[in-house]
Amino acid sequence: MPAERDHVDGVMAQITGVRAEDRVSKALSFRLLRAARLLETELRREFDAFGVGLWEVELLGALKRAGPPHRLSAGQLLDSMRLTSGGVTKRVAGLERKGWVRRDIAPGDRRQILVSLTDEGLARAQEVFGMKTQTEARLLGVLSHAEQDRMNADLRELLLDWEGPDRRA
1 MPAERDHVDG VMAQITGVRA EDRVSKALSF RLLRAARLLE TELRREFDAF GVGLWEVELL
61 GALKRAGPPH RLSAGQLLDS MRLTSGGVTK RVAGLERKGW VRRDIAPGDR RQILVSLTDE
121 GLARAQEVFG MKTQTEARLL GVLSHAEQDR MNADLRELLL DWEGPDRRA
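End of the sequence shown sits at 169 in full-length UniProt numbering; the numbers just go up one at a time, nothing left out.
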C-alpha cells in the first residue's frame, strides 16, 4: 500500500462484511467512480466559462468528428449519443437557438433531418475542444505516458466486455 492514503483507502478501512477477495474490486469501483466525477466536475467548470454545457459539448463533438461538412442525420446523432429521439431533438433545438447548428431536410429523403454545425458552431467547438484537451492533459499529467497507456488498455478491455466492440465503420 502507498505511504499516502486517499479518500477510498479511508472508506475501505471503514467497510466491514466484504469478503477479502472482493475488497480490491470494490476499491477499484470506488476509485473509478470518484475519478470520473472529479474529471466531469472540472470539465463542467471549464465549460461554464465558455457558456457551454456538457450535453452541448457532446453534440458539438459528434458533429465535429463527422468531418466536413460537419453534418449528421438525426438518426446518426441518436446512435452516437445514445439518447432518445426526443433527447436529441431537444439538444439540437437548444444549439440551434444559439446559432451553432442548423437543421435541414435531406435532399434525397424529405423525411430525414440533417443537423450541421454552423461556422459559429464550428469555431465554438474548436475553442471548447482545445480547452478540453488542455484540461485533460493537466489533470492526467500526474501519470506518465506509459501509465496512461496501460490504464487505457485496461479500461478498453473492461469496456469491450461491458459494451462490446464499437459498431461504427
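Heads up, the beta-carbon is just placed ideally off N, CA and C, and yes, glycines get one too.
Taking Cβ to Cβ, would you say ARG44 is nearer than 8 angstroms to LEU32?
no
CA nearest to the CA of VAL101, picked from ARG110, VAL88 and ASP109:
VAL88
Taking the alpha helix (DSSP H) that ASP154 falls in, what are its first and last residues?
145-163
Return the CA-CA distance between GLN126 and ALA20, expressed in angstroms with no decimal places.
48 angstroms
With 16 as the cutoff for other CB atoms within 10 Å, does GLU56 come out buried or exposed?
buried
Run through the UniProt domain "HTH marR-type" (25-160) for me and flag every whole beta strand (DSSP E) of 3 or more residues, listed as ranges in chain order.
71-73, 101-106 and 109-117
Helix, strand or coil for ARG23? Go by DSSP, reduced to three states.
helix
With DSSP run on the structure shown, which of helix, strand or coil describes ALA3?
coil
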